[in-house]
Ligand SMILES: NC(=O)c1ccc[n+]([C@@H]2O[C@H](COP(=O)([O-])OP(=O)(O)OC[C@H]3O[C@@H](n4cnc5c(N)ncnc54)[C@H](OP(=O)(O)O)[C@@H]3O)[C@@H](O)[C@H]2O)c1
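Residue numbers (my numbering): 150 to 432.
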């Protein structure tokens, strides 16, 4: 698997398996087991997905050596403080059944992110979180965090897809030494993305699906891709993206699809921030 070297010299597999919205424990365990069987070596979960235990069971069932797997989890908003990180991270490790994670992220840019970051820097020094990063941080907040702390985040996991291409943000993150990672690369199917004529036409040239064209487009930008599917045939399809390349013309056509805004919601919307602040996960 192709990798990207992060600012701490650790390599992250460029394509990962997402587990958002796979909440049924049996389904989540099976999905992770099947994904590893299909060849994924990078799994993305979060405290708020309520599936860390099932993800851990899927990993265990696969019998994959721990060192061969890149595992990410994320600290939920209510735990974003120095103490909250320290306590809830230990609980995450326990649920996952591992003694370290490869990547630990602040899931949302709210609450005491500076306190949380100091806790995460300590976890990184202790080897319990090999890499640390952020998610859903606007680029100014990401640069601010990087400039005023010892550790520059290794990753910023943000929404990136053909309708929300984040061109300037990707550039600015890279300039700061932060690797961009794409969530919802397929926009979760919104806006009829799998039937999009531009993407279908490009796919036809290479006998590739819309999902494969999108992943390839991100990989060629050196953006880490997280693809989620509970269907083994789609897991395999989404991995088969290393045997073709897009032309400048293809990329220009995809650039034309950019609507320049989220397909979901704005992280600057006060109502959304209030909702996230009120969401308590009782684990
Ligand atoms: N940090 C954050 O705030 C954040 C937010 C959202 C997501 N994430 C992470 O990013 C990962 C990916 O994002 P996402 O799950 O939201 O959305 P996504 O990967 O863009 O889309 C997943 C949807 O696409 C379908 N799909 C997948 N492959 C397909 C294919 N080849 N053909 C047709 N349909 C296909 C899946 O259906 P089936 O499962 O039925 O195949 C599912 O409905 C998440 O799982 C999570 O790990 C992070």
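Using N, Cα and C, we set each Cβ at its ideal position, and we do this for glycine too.
How about residue i and residue j: are their beta carbons less than 8 Å apart?
i: residue 309; j: residue 272; result: no
i: residue 390; j: residue 331; result: no
i: residue 193; j: residue 167; result: yes
i: residue 218; j: residue 208; result: yes
i: residue 327; j: residue 318; result: no
i: residue 313; j: residue 291; result: no
i: residue 222; j: residue 196; result: yes
i: residue 415; j: residue 421; result: yes
i: residue 178; j: residue 206; result: yes
i: residue 363; j: residue 311; result: yes
i: residue 169; j: residue 377; result: yes
i: residue 303; j: residue 150; result: no
i: residue 180; j: residue 231; result: no
i: residue 280; j: residue 159; result: yes
i: residue 256; j: residue 213; result: no
i: residue 301; j: residue 324; result: no
i: residue 294; j: residue 247; result: no
i: residue 235; j: residue 268; result: yes
Using a threshold of 7 Å, is the CB atom of residue i nearer than that to any non-hydrogen atom of ligand 1?
i: residue 260; result: no
i: residue 176; result: no
i: residue 256; result: yes
i: residue 320; result: no
i: residue 340; result: no
i: residue 366; result: no
i: residue 378; result: yes
i: residue 332; result: yes
i: residue 417; result: no
i: residue 228; result: no
i: residue 245; result: no
i: residue 164; result: no
i: residue 169; result: yes
i: residue 386; result: yes
i: residue 375; result: yes
i: residue 337; result: yes
i: residue 343; result: yes
i: residue 428; result: no
i: residue 157; result: no
i: residue 193; result: yes
i: residue 306; result: yes
i: residue 411; result: no
i: residue 184; result: no
i: residue 313; result: no
i: residue 285; result: yes
Looking at the secondary structure, which residues open and close the beta strand (DSSP E) in which residue i lies?
i: residue 376; result: 373–376
i: residue 279; result: 278–284
i: residue 252; result: 250–255
i: residue 332; result: 328–332
i: residue 162; result: 160–162
i: residue 305; result: 304–308
i: residue 219; result: 219–224
i: residue 154; result: 152–154
i: residue 193; result: 191–193
Could you give the residue range of the alpha helix (DSSP H) that holds residue i?
i: residue 362; result: 359–368
i: residue 422; result: 419–427
i: residue 174; result: 174–187
i: residue 267; result: 262–274
i: residue 205; result: 201–211
Between the region 277–293 and the region 336–343, can you find at least three pairs of beta-carbon atoms closer than 8 Å?
In short, these stretches do not touch, since the Cβ pair count stays below three.
Using a Cβ distance threshold of 8 Å, determine whether the region 180–191 contacts the region 376–386, with at least three qualifying pairs required.
yes
May I ask you to verify whether the region 227–245 touches the region 390–400, counting CB pairs closer than 8 Å and requiring at least 3?
A contact between stretches requires three or more CB pairs, one per stretch, nearer than 8 Å, and the region 227–245 fails this requirement with the region 390–400.
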